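Residue numbers (the working numbering), protein chains in the order written: chain G, 1 to 194; chain D, 195 to 388; chain H, 389 to 582; chain R, 583 to 776.
We treat Cβ as the ideally placed atom computed from N, Cα and C, and that holds for glycine.
Note that this is a predicted model, so its numbers are computed, not measured.
To keep things clear, I will list the structure first and then write my remarks on it.
Protein chains: 4
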Amino acid sequence: MNKTRLEAFSDGVIAIIITIMVLEIKVPHTTDLDSLYALLPVFISYLLSFIYLGIYWGNHHHLFHAISKITSGVLWTNLNLLFWLSLIPFATGWMGENHFAPITVALYGVALLMPALAYYILQTLVVKNHLHPEAFEQAHQKQNVKGQISLVCYILAIAMAFYYTPISGILFVLVALMWIIPDKNIEKVFSENN
Amino acid sequence: MNKTRLEAFSDGVIAIIITIMVLEIKVPHTTDLDSLYALLPVFISYLLSFIYLGIYWGNHHHLFHAISKITSGVLWTNLNLLFWLSLIPFATGWMGENHFAPITVALYGVALLMPALAYYILQTLVVKNHLHPEAFEQAHQKQNVKGQISLVCYILAIAMAFYYTPISGILFVLVALMWIIPDKNIEKVFSENN
Amino acid sequence: MNKTRLEAFSDGVIAIIITIMVLEIKVPHTTDLDSLYALLPVFISYLLSFIYLGIYWGNHHHLFHAISKITSGVLWTNLNLLFWLSLIPFATGWMGENHFAPITVALYGVALLMPALAYYILQTLVVKNHLHPEAFEQAHQKQNVKGQISLVCYILAIAMAFYYTPISGILFVLVALMWIIPDKNIEKVFSENN
Amino acid sequence: MNKTRLEAFSDGVIAIIITIMVLEIKVPHTTDLDSLYALLPVFISYLLSFIYLGIYWGNHHHLFHAISKITSGVLWTNLNLLFWLSLIPFATGWMGENHFAPITVALYGVALLMPALAYYILQTLVVKNHLHPEAFEQAHQKQNVKGQISLVCYILAIAMAFYYTPISGILFVLVALMWIIPDKNIEKVFSENN
């Protein structure tokens, strides 16, 4: 099984998911600023999901960078990840169109939690199939910690959505920032604070 | 004729088919659990079709892995397969939106039967063009048997749809499982039972 | 300028065009055979356009197979071709939804004529940039003749649409067949008849 | 980090953006020339945006052609560019559907200004990461000047939209022409005039 084709297929699916989300930003039929302003929640939801899908694309790339053997198991756990990612546009559209109503924010949290779990399964399998699982695992330890923090944050965000949705929103943004900002910068901030 | 470009094009088309299906899961305008629950048949249909398209993508990859010569005939039988695959989102949407009404389940069966026949034609042609057709055919014998079982199941499912649709549904799931579960595991189960 | 990236981009655009056309086959809200039967013109239009886009993809591949230098002119004439190809789904949808009304059939003819002209311009430029333009032109002479027959047929089909649309339809099918059937078979038929 | 995968992903996203724009040209339900004529503003908007996205694709290719190292910063500034490009279909649709109403033309200007700024940031970062930043910068000096002229034109076009939209339209077309016409031809015209 060829790694290139699995990467190309995954890239294609992620590129399409990221782009069809923009179809949820429906062109308004009126030409005033209010009709644009009304789209702000849809726009913010789109921006957030765009960033999350960008993070998955980057991490996916790193994960497959080091491996050479693609087993049938890796193929299917990868498709499992793509399946859950493909549901993000739906959750994004529902949340944006309904101006962050509690249940839609909770579902958005679920829509982020599921691919995170799928990614965890994929990563575990890739590590197992690696020639030097221990060296690989050590290299991905930081990723692992980040992944676990993310899972906790998603679950918190789902629960918080029913009390006060802005807390969920802040959690979604913080997790995204944690993945975007390179590790060295985070370490620097921590060492400066201690 | 370059194999890489045929593979890349096929991957692109399958990636788009698999992703535009999700557009059938229309964002509800209400924010209650009932509106989500009403989408369950659409979601289940999407999941099933996602798995089937994943199976085709995997099998397509295996089929083209061993060959080097792409004739005009292979190009057109491959486009024939992509054409029938491209109709799966339509059948999926019709079945999901109408909560598995008999005629929609039957059409879904037809939508699975047609690419299965197209794949059979493609496989036959690829074997013919192969340098060592006999060795290749032997290696694909298991695939062939699975393909024939699938065809019978699809036809059964189409007929059963008019009597009792759950039987068709079970047949669709069983065929998918037969392709997902690696051959060795199936053999193991059979040898344990005997 | 890298040939691979131009090919990959063109493949991507053609793959998306071919697949979004299927979105024009709208899922009916009723579950009877009549609602399926009503989609027949849409289905036939889709099938025809799918074949035409497949032909363009194959020819595009052959055209770029032999060249190595991509000039700025080739890039833009290639984008010109992709632009006209991207309008085929619109013309297909309009023709299918309106059951082959004369004006829609004429516009479909225009939608086929424009990319044919764009392809002609692209081919002329590619030949010019070729290291051995004469050898290349000779190899593509048959393509050239086919291209000119196609142009005449499209113009005829546009004119005929206002008198008797089935003639236009037959012309569209004949042109498609001329491109699908390999040259050798055509020659064989002609030599048998003479 | 692998350059090929970043290029392939960017190509995929741009190919999808360029193609989903055509979905904004909604198939009319009537079959007369007037219903086609009514689509003219939508068609013109689509053509203009198609050209702009083609320009970005070409420039993106040139920018990444010379580099080998992809840092995390390049990855994210590239995603930033793709994000703003992905909003062009929305602005295109709004402008086309509302027949170039002032506010829609101004927003279209913003939709062109944002990716231009994003491209500027990306280019600056790519130059920094280059092995020979000075040689690279010199080679891209003409691009830089063009980029700065474009930014000024976009801002002018946004302001002019509220006074007389045709001026904005002319500015959009002129900027596009500046990028399409190869530098040598522009130089020739200038040297002939002086």
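Cβ-Cβ distances below 8 angstroms link K340(D) to M372, W373 in the same chain, with the five nearest sequence neighbours on each side left out; the list follows chain order. In this structure, the straight-line span from the alpha carbon of T359(D) to that of S398(H) is close to 43 angstroms.
Contact annotation: in the region 410 to 425 of chain H, residues whose CB is within less than 8 angstroms of a CB in chain D are V410, L411, I413, V415, P416, H417, T419, D420, L421, L424.
F356(D) carries a coil assignment under DSSP once its states are collapsed to helix, strand and coil. Scanning the region 18 to 94 of chain G for uninterrupted alpha helix (DSSP H) segments of 4 residues or longer gives 33 to 37, 40 to 65, 72 to 85, listed from N- to C-terminal end.
Rounded to whole angstroms, the gap between the alpha carbons of A506(H) and I537(H) is 15 angstroms. Residue environment analysis places S239(D) among the buried positions, since at least 16 neighbouring C-beta atoms fall within 10 angstroms of its C-beta. Between N272(D) and L242(D), the C-beta gap is not smaller than 9 angstroms, which leaves the two residues out of contact. Interface flag for A202(D) against chain H is set, since a Cβ pair is found closer than 9 angstroms. Annotated three-state conformation of I181(G) is coil, per DSSP.
The continuous alpha helix (DSSP H) containing N517(H) extends over residues 490 to 517. 9 angstroms or more divides the Cβ of L463(H) from the Cβ of G675(R). Around the beta-carbon of T124(G), fewer than 16 other beta-carbon atoms lie within 10 Å, marking it exposed. Taking C-alpha positions only, F431(H) is separated from V13(G) by approximately 26 angstroms. Residue-level contact check: T492(H) touches chain R, since one or more beta carbons of chain R fall below 9 angstroms from its beta carbon. About 7 angstroms separates the Cβ atoms of D420(H) and I297(D), confirming a contact at the 8 angstroms cut-off. Between the alpha carbons of Y314(D) and I170(G) lies a distance of about 52 angstroms. Non-local beta-carbon contacts of E606(R) in its own chain, meaning distances under 6 angstroms to residues more than five positions away in sequence, involve G675 in chain order. Here the alpha carbon of H130(G) sits roughly 11 angstroms from the alpha carbon of H65(G). For N144(G), the secondary structure class from DSSP, reduced to helix, strand or coil, is helix.
Here I88(G) is not near L113(G), since their CB atoms are 9 angstroms or more apart.
Between G96(G) and the set W84(G), L40(G), L85(G), the nearest pair of CA atoms involves L40(G). What G93(G) touches in chain D, judged by beta-carbon distance under 8 angstroms, is V221, going in chain order. With respect to chain H, the C-beta atom of I633(R) has a partner C-beta closer than 9 angstroms. Across the set P309(D), G303(D), K322(D), the C-alpha of G303(D) shows the shortest separation from the C-alpha of C347(D).
At a C-beta separation below 7 angstroms, G252(D) has these neighbours in chain G: L75. Contact annotation: in the region 340 to 366 of chain D, no residue has its CB less than 7 angstroms from a CB in chain G.
In this structure, the beta-carbon distance from L247(D) to I212(D) falls below 9 angstroms. With fewer than 16 other Cβ atoms from the protein chains shown falling within 10 Å of its own Cβ, H256(D) counts as exposed.
For L495(H), the nearest beta carbon of chain R is closer than 9 angstroms to its own beta carbon.
With its beta carbon less than 9 angstroms from one in chain R, I404(H) belongs to the interface. Around the beta-carbon of S650(R), fewer than 16 other beta-carbon atoms lie within 10 Å, marking it exposed.
Taking C-beta atoms as the reference points, L618(R) and H642(R) fail to come closer than 9 angstroms.
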